[in-house]
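Numbering (the working numbering), first residue to last: 13 to 330. Every residue, glycine too, gets a C-beta built ideally from N, C-alpha and C.
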Amino acid sequence: MRVGLLGLGRIGAFHAATLAAHPLVDDLIVADPVRSSPHGRPGDPFEADAVVIATPTGTHAALLREACRRGIPAFCEKPVAGDVKETAEVLEAARGHRVQIGFQRRFDAGYAAARAALREGELGELHRVHLITADPAPPPAAYIPQSGGIYRDCHIHDFDILRWVTGREVVTVYATGANRGAAFFAEAGDVDTSAALLTLDDGTLATVQGSRYNGAGYDVRMELAGTLGTWAVGLGPRAPLSSTEGLQPPGEAWPDFVTRFATAYAAEIDAFLRGAPGLCPIEDALAALYVAEAAELSRRERRPVEVAEVREATTPRP
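Given below as structure tokens:
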């Protein structure tokens, strides 16, 4: 199989190594205007049998449209596009084409096990969910103005995995945030610390917390509490947590998201190459984006926001 890879940044370089080592890939074509890779050869990635898009956010929509125009299956890192309107437009353009969006937590063994346990009744009736995504250090200042903000850039992974694990939809969001670190977050209209309360369509409550300054390490967890049990994802030996009761993590804390989810990133690429059905489509990416938009609106206007309000406001009128 010939595979084209667009973008050789941090995650693109990881995908290059994964693709070059994959047994189904016998020709890897790489394209990046600035970087090179020891994996693959330069060329036109759209002359391949499938493409992997790992370029900057602003290029995703156009590249996805081109892949669909040529009838080439496409894997694309999130987000699909810069806003809801363009995401919906790409969705329409991609109907009938095989497109997978990169929400790698779906391919992490811990989240998959929690999803199975919930569906098999091991937790009983789900009442509460808690999610955390905390980076050990902030990204570069230049990244923040074009990131979309912490809810769209960071917590959209929490919103997607919440929907995927529980099988429920978020109906209401009440979000807030604070600036406790560098001034460039506030200057960009963003926050470096976040918290949100979400209500699901069956009444289940979910809380989301985040930080760009979690000095202990990269911390990503999910807790699901039901009437028969409580399960946690992310409490392995490298979780950056210490206990006042004397329990200490036996291993080095996760340093970043690529290291934490390396196995999941490889698994999602493998699933894409093998054409596995039912992976993360654009529809799911759009659904998570609706929640992120509601969270950002709630934070800015300091009020609860119905996700339906965002959906209706951004749906084109006939």
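Just the C-alpha distance for residue i and residue j, rounded to the nearest angstrom, thanks.
i    : j    : result
I144 : M234 : 7 Å
R224 : D56  : 37 Å
A320 : Q260 : 43 Å
T271 : A126 : 21 Å
F273 : A79  : 27 Å
H109 : A300 : 21 Å
A146 : T327 : 32 Å
V46  : V185 : 40 Å
L130 : L174 : 12 Å
H34  : D296 : 27 Å
R82  : L17  : 15 Å
D38  : C292 : 25 Å
A276 : F196 : 32 Å
I281 : D172 : 18 Å
F119 : P289 : 14 Å
E137 : W243 : 13 Å
R107 : I294 : 9 Å
A43  : D165 : 24 Å
A198 : G161 : 10 Å
Y302 : V96  : 7 Å
Tell me the DSSP bridge mates of residue i?
i    : result
C292 : DSSP output for C292 lists no bridge partner at all.
C166 : Looking at the DSSP assignment, C166 forms no beta bridge with any residue, so it has no partner.
L309 : In DSSP, L309 forms no bridge with anything.
F58  : Answer by DSSP bridge pairing: none, since F58 is not bridged.
G42  : The question names Gly, but residue 42 in the sequence shown is Val. In the DSSP output, where bridge partners are listed per residue, V42 has L17 and P54.
F87  : V64 and Q112
T205 : A190 and S223
Tell whether a beta-carbon distance below 7 Å holds between residue i and residue j.
i    : j    : result
L40  : L285 : no
R355 : A187 : Residue 355 falls outside the range modelled here, since the chain spans only 13 to 330, and no answer is possible.
V64  : I84  : no
R77  : A60  : no
A237 : R140 : yes
P252 : A228 : yes
Y163 : E324 : no
V183 : T216 : no
A73  : V102 : yes
I23  : A86  : no
D170 : V203 : no
R250 : D214 : no
D232 : G248 : For the record, residue 232 in the displayed sequence is Val; it is not Asp. No.
A304 : I168 : yes
L298 : T71  : no
Y230 : P148 : yes
A333 : T205 : Outside the shown range of the chain (13 to 330) lies residue 333, about which nothing can therefore be said.
Is it buried or exposed for residue i, if we count other Cβ within 10 angstroms and need 16 for buried?
i    : result
G263 : exposed
T341 : Summary: the structure shown does not reach residue 341, with the chain confined to residues 13 through 330, and so no result is reported for it.
A278 : buried
L240 : exposed
Q158 : exposed
K90  : buried
R192 : exposed
Y155 : exposed
S49  : buried
A93  : buried
G287 : exposed
A306 : buried
R117 : buried
T256 : exposed
With a cut-off of 7 Å, does the C-beta of residue i fall near any C-beta of chain D?
i    : result
A307 : Protein chain content of the structure displayed is limited to a single chain, and chain D is not contained in it.
(request) Tell me the start and end of each unbroken beta strand (DSSP E) in the region 150-199 that is at least 3 residues and wholly inside, in chain order. (result) 182-190
(message) Just to confirm the assignment: which complete alpha helix (DSSP H) runs, minimum length 4, are found wholly within the region 100-153?
(response) 121-131
(request) Run through the region 223-309 for me and flag every whole alpha helix (DSSP H) of 4 or more residues, listed as ranges in chain order. (result) 269-272 and 274-285
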